[in-house]
Amino acid sequence: MGRFMGSLFALFTAFLPPIGIASVFAIIIGFILPMAIAMYVSSKNIGDAFKFSEIINRIKSVFGEYAIAYIFMLILGIIVSAIAVIPFIGWIIALFITFYIGVVASNLFGKLYVKSKA
């Protein structure tokens, strides 16, 4: 038992820093992505999704509302993940809730894009 716990601890310790770094990058990219998608959709030019200075400026112009919307979507994602764990029926419920959340998030971030200034 002791050897197993030691190797489990070593495995956990070895993978904790990369998981932490990946989590930070995921949060940063997830924060920028809705505005990048909105820029692409509005212009129908994929290059606009990579204009990082314009994306950052647009986010800055509506930062408070944008941050609240992003945090709200993160919380909803955590709640849906908890629902999905329920045996048998949870993933079906989560499937429908996820679709609805996606529609609401797209509408919300689209309105923030229209409100933002480059």
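Letter by letter, the sequence shown follows residues 4 to 121 in the working numbering.
Positions of the beta carbon are idealized from the N, C-alpha and C atoms, including for glycine.
These numbers were taken from a predicted model, which means no experiment stands behind them.
Environment of residue i [buried if 16+ CB atoms lie within 10 Å]
i	result
proline 20	exposed
proline 90	exposed
alanine 97	buried
isoleucine 95	exposed
isoleucine 30	exposed
isoleucine 22	exposed
Supposed close pair residue i, residue j - CB separation, criterion 8 Å
i	j	result
methionine 42	isoleucine 32	That belief does not hold up - the Cβ atoms of methionine 42 and isoleucine 32 are roughly 15 Å apart, past 8 Å.
phenylalanine 112	alanine 70	Contact flag wrong, Cβ pair sits at about 12 Å.
leucine 115	glutamate 68	6 Å
CB contact flag (residue i, residue j, <8 Å)
i	j	result
alanine 52	alanine 39	yes
valine 44	serine 119	no
Close Cβ partners of residue i (< 8 Å) along its chain, the five nearest in sequence each way excluded
i	result
valine 83	Ala97, Ile100, Thr101 and Ile104
glycine 93	Ile86 and Ala87
Neighbourhood of residue i by C-beta distance below 6 Å, restricted to the same chain and skipping five residues each side
i	result
alanine 108	Met76
phenylalanine 34	Tyr73
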